[in-house]
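Taken in order, these protein sequences are the chains called A and B. Those letters in the first sequence? Residues 149 to 508, by my numbering. Those letters in the second sequence? Residues 24 to 531, by my numbering. Note that beta-carbon positions come from the ideal geometry of N, C-alpha and C, so glycine has one too.
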Amino acid sequence: MEKFSFKDVLILFAGTIITIGIAWVLLTVTGFVPREIGKLFFEGAVVGQRNILNTLNIATPYILTSIATVVSFRVGMFNIGINGSMYIGGLYAAWAGYKFTSLGHIPHVSLCIAIAIITGSLWMLLPALLKVYAGVSEIISTIILNFVAVLFVSYMANGPFRADPIAPATPRILETAELKQYFPNSQFNSGFFIAVIIAFLTYFILKKTTFGYELRSGGDGLVGFYPSRYSSYLGIPSDRSAITGMLISGGLGGLAGGIEILGNARYFYQELLFNQGFDGILIAIVGKLEPIGGLIASLFWSALRNGGLFVDYKTEVSREIVVILLSILIFFVSAQKLVSSLERFKFVRKLDAFFTRKIK
Amino acid sequence: MTQKNIETAVEVKNITKSYPGVTANDSVDFKVLKGEIHALVGENGAGKSTLVKILYGIEQPDSGEIFINDKSVEINKVDKAIELGIGMVHQEFHLVPSFTAAENIGLGQEPRNSRGFIDWDKLNSEVSNIAKKYGLDVDPKLRMIDASVGIQQRTEILKTLYRNANILILDEPTAVLTPQETDELFEVIRSLVDEGKTVIFITHKLREVMEISDRVTVMRDGKVQGVSDTKNTSPEELAKLMVGREVFMQVEKEKAKPTEKVLEVKNLWVHDARGLLAVKNFSLDVHKGEIVGIAGVDGNGQTELVEALSGLRPTSKGEVIFDGKNIESFSPRKRRRAGLAHVPEDRANTGLNLKLDIWENLVGTSYFRSPLSKGGIISMKNVVDHSNNLREKFDIRTPGVFVRTGSLSGGNQQKVVIARELSEDPLLTIASQPTRGVDIGNIEAIHKQLIEIRDSGKAVLLVSAELDEVMSVADRVAVIYEGEIVEWVNPKDVDQQQMGLYMAGIKD
Ligand SMILES: Nc1ncnc2c1ncn2[C@@H]1O[C@H](COP(=O)(O)OP(=O)(O)OP(=O)(O)O)[C@@H](O)[C@H]1O
Ligand SMILES: [Mg+2]
């Protein structure tokens, strides 16, 4: 794995400043007072109980989908289909949420979560098998499956699972299936804790267990795809690692969708829009393909998003501006060439060496 | 080289470059005269590759100055180096496998026709012309997947010449070449110099230094140890400067005492990746307490034979009996469990995962065993202790085991593979090109270890393109040609010339 270095911090910092500069110009040109918008933005992101809770709540699916990306990339599989798994997991979590009527809270919620994970995971079985046994690129098959997933859940919400005669939607999940919301002023729910636990668990499994070692042995980086000869040379069945990695990745995607339903939406409806599966890929790369990196990057990302939502809500500034700014920032952070070109400056090299030594 | 006006092509003054925990170049002064062949030698991790990467703009020095043709320059990117007429051929080739030679050579600089499209005919003919001029025999239309290592290397050289390089840097170009290909490369180098080019040549083979270079610079621990005219020095002196002690290039060993049979290969047939027959009706026995060598020009079925024995490639016909069991159906892991270790010829893609940390590569064959892990959980303390022991025992030069394996110098990467495989105390070690890219001091150490393994009653199957290596380490040698054994020889009873004939498939 590429390791974090001072250069990354510098790029993030410089990227933020440049982005703020661009924001300043954009806002001024469109007739706003940048300083006030900035204040609102900051408030929306991290000031006050309600905003903080909302930021954390938004972060939950990002944490899970970015970790889903981390797992798949590090076994050497380019899984682009996490969004599809999210839809499938969400749909079946909703189904289990209204279908099982005689369960207690803990058993019911656990069952729903398990079903979200399993269905999201099974959704990735086909591309994994196609890759291993037929050599079909998982990039292509998972992209296609994303479309299939959208059509499939929309059909199910409109057909077999439809309850509402007016709107195409499933019944509301039972109270026993709900992930607990703790505060009256926010949808923040226990799903967040699940996501954080998953982040640490993934870190532990990837780095500290023989199972994780076997998963990573054939990949462990952005480039260098399955199948690597190293794992087969060691006698680690690399096919099995690739399939397992895809299933875990899909399962985490399913979990993200499930938590969205059980904690926030509480029923599945046809127009429900998930895109965290795609953003998760970017976030994972920003987090250097480390689970904890993904966790931190998700929190950062959500703070920016929530700040943007707040500005959108309070002012006439359009939400698109925020999306543009976020993209610019991501552009900087993921620009590896920029990062390595910083090598040119002596002080960067010095500081880099200094910090790396400090960490060790 | 004309004696009257000696000009310098390259001069670096006081170059220092550190990576976290290592000073790869420590106040290095290095000077290369115009029109000379300058050899750069030194131990693994001495800083040779780092120095030439700085010249080629891949790495930036922390301090120091560079002069090209007596002009002070700052080479902050590869484009700048190319502009200054510097070309480099890396140890690992950077070619697009599905492209032809000409497409690779022209990549990014293709000639255009009047409508702005790539003028393929012109490119092909330009490439042919340069190739002819320097005696670099390459078919411009040959795809790189179908090209031998020697041809790939010539393509890399052509790539630099196409970009008008006057100063050529070759980083361990002969490590992957057969002796014949090396001779051909030397011809090319000489013709380059005749055309007024300057060549910097990194190698671990002192024989080559003596043969081809005009001057030689020795590095150790990031510092320059000495510079001299090649004709005023000797391999012994160079070795001593490199390693800091006397090196015995002659391997010392007792007579082998073979006991029971541990490997029996019976009438084995193996196909290569393209489906062609690579190993034909091959039979061989290896006993405990002996080192059996396989000599031959690269590409005569050695790769496929070794892969078949280690379980990486299916066999078509025949039997492989290991320690009394037919291991045909055994997976690579099961073979390892049965006591078979394997040092593969390709360390970068097979023997290592360069993206993993050093410790992760060192425990690749043992991580699942107690005390390195218990109940599936890796004991970091034990793993790190184990890795540090291996690092010390096998002299792996690194600031620590939590470093990415890819950042090790080439020879040190090889030592990671050797350390992992030999530390398992296997019944049989199949070692394929075990000292490729390793410096002479460590070659000596690895040879000693192989002999120790033998003397402890275990077996070794040594496959090497280095004739000297097989002949001095192995107790009996099979010469392989086009997938068949030409002859079994006793290394003591046969001379180089006779071996040359056998390796060409000529039997007396
Ligand atoms: N990218 C890097 N990151 C960290 N350390 C590095 C990096 N590149 C090289 N080093 C370290 O710098 C030192 C010099 O390495 P270099 O590759 O120059 O050695 P070398 O003389 O070419 O050795 P060899 O003969 O084995 O190829 C080594 O200790 C190596 O581990
Ligand atoms: Mg080197």
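Nearest to residue i by CA position, among the options, is which residue?
| i | options | result |
| --- | --- | --- |
| E408 of chain A | A:S285, A:F458, A:Q335 | A:Q335 |
| N372 of chain B | A:Y378, A:H253, A:L274 | A:Y378 |
| V419 of chain B | B:M403, B:R443, B:S402 | In the sequence as presented, Val is not what sits at residue 419 of chain B; that position holds Ile. Comparing Cα-Cα distances from I419 of chain B to each of B:M403, B:R443, B:S402, the minimum goes to B:R443. |
| T458 of chain B | B:E342, B:M111, B:H227, B:S402 | B:H227 |
| Q179 of chain B | B:N127, B:E66, B:N513 | Reading the sequence as shown, one finds Glu at residue 179 of chain B and not Gln. Answer by Cα proximity: B:N127. |
| L477 of chain A | A:A171, A:F495, A:N337, A:F221 | A:A171 |
| K303 of chain B | B:K515, B:P43, B:E505, B:K76 | B:E505 |
| K280 of chain B | B:F271, B:H294, B:E313, B:L261 | B:E313 |
| S432 of chain B | B:V33, B:T39, B:G65, B:K36 | B:G65 |
| G399 of chain B | A:G360, A:L239, A:R414 | A:G360 |
| W511 of chain B | B:D160, B:F305, B:Y185, B:F425 | B:F305 |
| I265 of chain A | A:I444, A:V481, A:G186, A:L212 | A:L212 |
| G398 of chain A | A:I469, A:M225, A:G196 | A:M225 |
| L420 of chain A | A:T203, A:F448, A:L277, A:S302 | A:S302 |
Identify the contact partners of residue i in chain B, using a Cβ-Cβ distance below 9 angstroms as the criterion.
| i | result |
| --- | --- |
| S446 of chain A | Correct list: empty, because the minimum Cβ distance to chain B is about 24 angstroms. |
| F359 of chain A | G399 |
| S365 of chain A | N376, L379, E383, G387 |
Compare the beta carbon distance of residue i and residue j with 8 angstroms and say whether it is the shorter of the two.
| i | j | result |
| --- | --- | --- |
| I192 of chain B | L335 of chain B | no |
| G460 of chain B | G434 of chain B | yes |
| M494 of chain B | V500 of chain B | yes |
| G309 of chain B | D52 of chain B | Per the sequence presented here, residue 309 of chain B reads as Val, with Gly not at that position. No, they are not a contact pair. |
| V239 of chain B | S257 of chain B | no |
| F422 of chain A | Y235 of chain A | yes |
| G423 of chain B | G219 of chain B | no |
| N48 of chain B | K36 of chain B | no |
| N384 of chain B | L395 of chain B | no |
| G402 of chain A | G268 of chain A | yes |
| G110 of chain B | T183 of chain B | yes |
| Y351 of chain A | P439 of chain A | yes |
Under the rule that 16 or more other beta-carbon atoms within 10 Å means buried, what is residue i, buried or exposed?
| i | result |
| --- | --- |
| E409 of chain B | This sequence places His at residue 409 of chain B; Glu is not what is there. Label assigned to H409 of chain B: buried. |
| M403 of chain B | exposed |
| I11 of chain B | The question about residue 11 of chain B has no answer here: the residues shown for chain B are numbered 24 through 531. |
| F224 of chain B | buried |
| F373 of chain A | Any reading at F373 of chain A needs caution, since the residue's pLDDT is 49, under 50, leaving its predicted position unreliable; the model's value is listed next. By the neighbour-count rule (16 or more Cβ atoms within 10 Å), F373 of chain A is buried. |
| K328 of chain A | exposed |
| T25 of chain B | Confidence at T25 of chain B is low in this model, with a pLDDT of 45, below 50, so the placement of that residue is unreliable and no value is reported for it. |
| W271 of chain A | buried |
| K279 of chain A | buried |
| D144 of chain B | exposed |
| H117 of chain B | exposed |
| R230 of chain B | exposed |
| R138 of chain B | exposed |
Determine the chain B residues that contact residue i at a beta-carbon separation under 7 angstroms, and present them in chain order.
| i | result |
| --- | --- |
| Y351 of chain A | Those do not exist, as Y351 of chain A stays about 13 angstroms from chain B at its closest Cβ, beyond 7 angstroms. |
| R414 of chain A | The contacting residues do not exist; R414 of chain A stays about 38 angstroms from chain B at best. |
Check the Cβ of residue i against every Cβ in chain B and list those closer than 8 angstroms, keeping chain order.
| i | result |
| --- | --- |
| K356 of chain A | I400, I401, M403 |
| D368 of chain A | N376, K378, L379 |
Verify the CB distance criterion: does residue i have a CB-CB separation below 8 angstroms to chain D?
| i | result |
| --- | --- |
| D460 of chain A | Checking the listed chains, one finds no chain D in this structure; the protein chains it contains are A and B. |
Given that residue i touches chain A, what residues does it touch there, using C-beta distances under 7 angstroms?
| i | result |
| --- | --- |
| L335 of chain B | S380, Y381 |
| S532 of chain B | Only positions 24 to 531 of chain B appear in the structure, and residue 532 of chain B is not among them; the question remains open. |
| S396 of chain B | T358 |
| R359 of chain B | G383 |
Which chain A residues sit within Cβ distance under 9 angstroms of residue i?
| i | result |
| --- | --- |
| Y390 of chain B | T358, Y361, E362 |
| R420 of chain B | Going along chain A, no residue has its Cβ under 9 angstroms from R420 of chain B, so there is no contact; the nearest lies around 17 angstroms. |
(request) Using a Cβ-Cβ cut-off of less than 9 angstroms, give me the residues of the segment 337 to 357 of chain B that come near chain A, in sequence order. (result) S354, P355, R356, K357
(request) Using a Cβ-Cβ cut-off of less than 9 angstroms, list which residues of the segment 374 to 408 of chain A approach chain B; keep chain order. (result) S376, R377, Y378, S379, S380, Y381, L382, G383, I384, P385
(message) Using a Cβ-Cβ cutoff of 7 angstroms, what residues of the segment 82 to 116 of chain B are near chain A? List them in chain order.
(response) Q83, D85, N99
(request) Identify each residue in the segment 367 to 386 of chain B for which the Cβ-Cβ distance to at least one residue of chain A is less than 9 angstroms, and report them in chain order. (result) P367, D369, N372, T373, G374, L375, N376, L377, K378, L379, D380, E383, N384, V386
(message) So if I threshold CB-CB distances at 7 angstroms, which residues from the segment 154 to 166 of chain A count as touching chain B?
(response) none
(message) Along the segment 502 to 515 of chain B, where does the CB come closer than 8 angstroms to a CB of chain A? Name the residues.
(response) none
(request) Using a Cβ-Cβ cut-off of less than 7 angstroms, list which residues of the segment 451 to 483 of chain B approach chain A; keep chain order. (result) none
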